[in-house]
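**Q** Structure in structure tokens, see below.
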Amino acid sequence: MKYTQEAYKRAQEELKRRRETAETIAWLHREEVLKKCPDLLVIEEHMKSAVTEATSLLGEDTDIEKAIKKLRKKNLQAQKEREELLKVAGFPKSYLEPQYECSLCEDKGYIDGHYCSCHLNVLKRYACEELSKTSPSAECTFENFDLSFYPLKKDLETGVKIRDWMKSVLNYCKNYAESFSQKSNNVHLCGRTGLGKTHLSLAIANAVTQKGYNVIYITAPNMLRSIEKEHFSRDSEDTSQEFYLDCDLLIIDDLGTEFQTPFSDCALFNIINSRILSGKPVIVNSNLSTDELEKKYGERLASRIGSYDLVTFRGSDIRQLKDNRKD
Numbered sequence: 004m005k006y007t008q009e010a011y012k013r014a015q016e017e018l019k020r021r022r023e024t025a026e027t028i029a030w031l032h033r034e035e036v037l038k039k040c041p042d043l044l045v046i047e048e049h050m051k052s053a054v055t056e057a058t059s060l061l062g063e064d065t066d067i068e069k070a071i072k073k074l075r076k077k078n079l080q081a082q083k084e085r086e087e088l089l090k091v092a093g094f095p096k097s098y099l100e101p102q103y104e105c106s107l108c109e110d111k112g113y114i115d116g117h118y119c120s121c122h123l124n125v126l127k128r129y130a131c132e133e134l135s136k137t138s139p140s141a142e143c144t145f146e147n148f149d150l151s152f153y154p155l156k157k158d159l160e161t162g163v164k165i166r167d168w169m170k171s172v173l174n175y176c177k178n179y180a181e182s183f184s185q186k187s188n189n190v191h192l193c194g195r196t197g198l199g200k201t202h203l204s205l206a207i208a209n210a211v212t213q214k215g216y217n218v219i220y221i222t223a224p225n226m227l228r229s230i231e232k233e234h235f236s237r238d239s240e241d242t243s244q245e246f247y248l249d250c251d252l253l254i255i256d257d258l259g260t261e262f263q264t265p266f267s268d269c270a271l272f273n274i275i276n277s278r279i280l281s282g283k284p285v286i287v288n289s290n291l292s293t294d295e296l297e298k299k300y301g302e303r304l305a306s307r308i309g310s311y312d313l314v315t316f317r318g319s320d321i322r323q324l325k326d327n328r329k330d
């Protein structure tokens, strides 16, 4: 998978910060232990001398295997003495070791010249952020989703107070984000313009990203435009589509507002269907109901989205109410 130079740079910087942080904390721990247990220096000297002695034996005519066995025993004894010293002083036995986030590569990002999985995960996260960079996710949270914009009157279709209905929608979205996993359900957020679909889907994106998952939030027009541009460009690879297929959570906003062509319909179906087959969750936001989606895209795509959890937003466009409050 191809990543931008910016993603590589940010990933390397993050791994460097992780490693430096772990080693700085270990150094501070050592200074703390030395103040309480100065004998640590003596034990460390024994450990260093064992390494020095082992190195010097490499050039001598001696029984290397026997000598190494003896030195290993000496080193293990010193390690036990250090662990006992830490225990008596009330420190964990691993207190002096750097606690790297990745134990496989020790936050170097490479194992035997190949990318470690931690490096690839960081790269993927930054690549997803780049694809989602136009979305104001940080501004939209569950906490600032204001239910007071929704009236207390009953919805004519359901007989439920609109504010109560939207409170249940808010709770659904919060629970979805809090319990998110790669096995989470697909969701169709449906309702008229201005009812909060974008706000709550961005809040989900923000919360799930903070849990360490790779999330792409993008409008249907921008997603399909990027796929089409890469597909028909001689100098480009189909990189963005790989991310749309592979990210942990894909959120497609404004489905139905894109300029529709046979190519866009095919690309959209491929994204939706492929993620169903691979078990990767999608959240779709649309002003269109399932029946309206079928009229626009046909039965094949509508049936896939029809299998999603349907979350219906009710009420009237609240954007004017928000503008009035600002005034």
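The sequence shown runs 4 to 330 under the numbering used here.
The beta carbon of each residue, even a glycine, is placed where N, CA and C say it ideally should be.
What does Thr24 pair with, by DSSP beta-bridge criteria?
**A** Within the sequence shown, numbered from 1, the residue matching residue 24 stands at position 21. Answer is none; Thr24 lacks a bridge partner.
**Q** Measuring CB to CB, does Phe1 end up less than 8 angstroms from Lys325?
**A** Nothing about residue 1 can be reported from this structure: the residues present for the chain run from 4 to 330 only.
**Q** Tell me, to the nearest whole angstrom, how far the beta carbon of Leu296 is from that of Ala305; I am working on the premise that it is less than 8 angstroms.
**A** Residue mapping note: residue 296 aligns to position 293 of the sequence shown, counting from 1. Residue mapping note: residue 305 aligns to position 302 of the sequence shown, counting from 1. Their Cβ separation, rounded to whole angstroms, is 4 angstroms, which keeps Leu296 and Ala305 in contact under 8 angstroms.
**Q** Assuming Lys111 and Arg20 form a contact by the criterion Cβ under 8 angstroms, report the distance between their Cβ atoms to the nearest whole angstrom.
**A** Taking the sequence shown and counting its residues from 1, one reaches residue 111 at position 108. Taking the sequence shown and counting its residues from 1, one reaches residue 20 at position 17. Between Arg20 and Lys111 the Cβ distance is about 13 angstroms, and since that is not below 8 angstroms, they are no contact.
**Q** Residues in the same chain with beta-carbon distance under 6 angstroms from Asn189, minus the five sequence neighbours each way, listed in chain order, please.
**A** Here residue 189 refers to the residue found at position 186 of the sequence shown. Cβ neighbours of Asn189 beyond the five flanking positions: Pro284, Val285 and Tyr311.
**Q** What separation, rounded to the nearest whole angstrom, lies between the Cα atoms of Leu18 and Asp320?
**A** If you number the sequence shown from 1, residue 18 lands on position 15. If you number the sequence shown from 1, residue 320 lands on position 317. For Leu18 and Asp320, the distance between alpha carbons rounds to 45 angstroms.
**Q** Around the C-beta of Asp256, are 16 or more other C-beta atoms found within 10 angstroms, so that it is buried, or is it exposed?
**A** Mapped onto the sequence shown, residue 256 falls at position 253. Per the 10 Å Cβ criterion, buried.
**Q** So does Glu104 have its beta carbon nearer than 7 angstroms to some heavy atom of the ligand MN?
**A** Of the ligands one can find in the structure shown there are none, so the ligand MN has no counterpart to examine.
**Q** Report the residue from Ala210, Lys214, Asn124 and Leu252 whose alpha carbon sits nearest the alpha carbon of Ile221.
**A** Along the sequence shown, read from residue 1 onward, the residue named residue 221 stands at position 218. Nearest C-alpha to Ile221: Leu252.
**Q** Below 7 angstroms CB to CB, which residues in the same chain sit around Cys105 once its five sequence neighbours on both sides are set aside?
**A** In the sequence shown, residue 105 corresponds to position 102, counting from 1. Closer than 7 angstroms at Cβ, skipping near neighbours: Cys119 and Cys121.
**Q** Give a yes or no on whether the C-beta atoms belonging to Asp384 and Leu79 are separated by under 8 angstroms.
**A** Residue numbering for the chain in the displayed model covers 4 to 330; residue 384 lies beyond these limits and cannot be assessed.
**Q** May I ask you to report which of helix, strand or coil DSSP gives Asp110?
**A** Sequence index remark: in the sequence shown, residue 110 carries index 107 (1-based). It is coil, neither helix nor strand.
**Q** With 16 other CB atoms within 10 Å as the buried threshold, where does Cys269 fall?
**A** Counting from one through the sequence shown, the residue named residue 269 turns up at place 266. Burial call: exposed.
**Q** Can Leu227 and Glu181 be called in contact, C-beta distance under 8 angstroms?
**A** For this step, residue 227 is matched to residue 224 along the sequence shown. For this step, residue 181 is matched to residue 178 along the sequence shown. It is not a contact, given that the beta carbons lie outside the stated cut-off.
**Q** Work out the CA separation of Leu123 and Ser229 for me, nearest whole Å.
**A** Counted from its first residue, the sequence shown places residue 229 at position 226. Counted from its first residue, the sequence shown places residue 123 at position 120. Distance between the alpha carbons of Ser229 and Leu123: 23 angstroms.
**Q** With three or more beta-carbon pairs closer than 8 angstroms as the criterion, would you say the region 189–206 touches the region 154–163?
**A** no
**Q** Measuring only the C-alpha atoms, how far is Lys156 from Lys127?
**A** Indexing the sequence shown from 1 puts residue 156 at position 153. Indexing the sequence shown from 1 puts residue 127 at position 124. Roughly 46 angstroms separates the two Cα atoms.
**Q** If you compare alpha carbons, which of Lys232, Lys186 and Tyr175 is closest to Ser204?
**A** For the purposes of this step, residue 204 is taken as the residue at position 201 of the sequence shown. The residue with the shortest Cα to Cα distance from Ser204 is Tyr175.
**Q** Under the rule that 16 or more other beta-carbon atoms within 10 Å means buried, what is Glu9, buried or exposed?
**A** For this step, residue 9 is matched to residue 6 along the sequence shown. Classification of Glu9: exposed, given that the 10 Å Cβ count is below 16.
**Q** Measure the CB-CB distance between Cys143 and His202 and report whether it falls below 8 angstroms.
**A** The residue labelled residue 143 in the question sits at position 140 within the sequence shown. The residue labelled residue 202 in the question sits at position 199 within the sequence shown. Yes, they are a contact pair.
**Q** What's the call for Val218, buried or exposed, on a 16-neighbour Cβ count within 10 Å?
**A** Along the sequence shown, one-based indexing puts residue 218 at 215. When all chains shown are included, Val218 counts as buried.
**Q** For Lys157, which beta-bridge partners are listed by DSSP?
**A** The residue you call residue 157 lines up with position 154 of the sequence shown. BP columns for Lys157 point to Lys164.
**Q** Are the CB atoms of Gly318 and Ile165 within a distance shorter than 8 angstroms?
**A** Reading the sequence shown from its first residue, position 162 is the one you call residue 165. Reading the sequence shown from its first residue, position 315 is the one you call residue 318. Contact: yes.
**Q** Spatial neighbours of Phe3 within its chain, please: C-beta separation below 8 angstroms, excluding the five flanking residues on both sides.
**A** Any question about residue 3 goes unanswered here, given that the chain covers just 4 to 330.
**Q** From which residue to which residue does the alpha helix (DSSP H) around Leu150 run?
**A** Translated into positions along the sequence shown, residue 150 becomes position 147. No alpha helix (DSSP H) holds Leu150; DSSP gives it neither H nor E.
**Q** Could you say which of Pro265, Asn273, Thr264 and Gly259 lies nearest to Glu245 if we only look at CA atoms?
**A** The residue labelled residue 245 in the question sits at position 242 within the sequence shown. Of the candidates Pro265, Asn273, Thr264 and Gly259, the one whose C-alpha sits nearest the C-alpha of Glu245 is Asn273.
**Q** Exposed or buried, which one is Ser243 when buried takes at least 16 other CB atoms within 10 Å?
**A** Taking the first residue of the sequence shown as 1, we reach residue 243 at position 240. Looking at its Cβ environment, which holds 16 or more other Cβ atoms inside 10 Å, Ser243 is buried.
**Q** Which residue marks the beginning of the alpha helix (DSSP H) containing Ser229, and which one marks its end?
**A** Position 226 of the sequence shown holds residue 229. Ala223 to Phe235 is the extent of the alpha helix (DSSP H) around Ser229.
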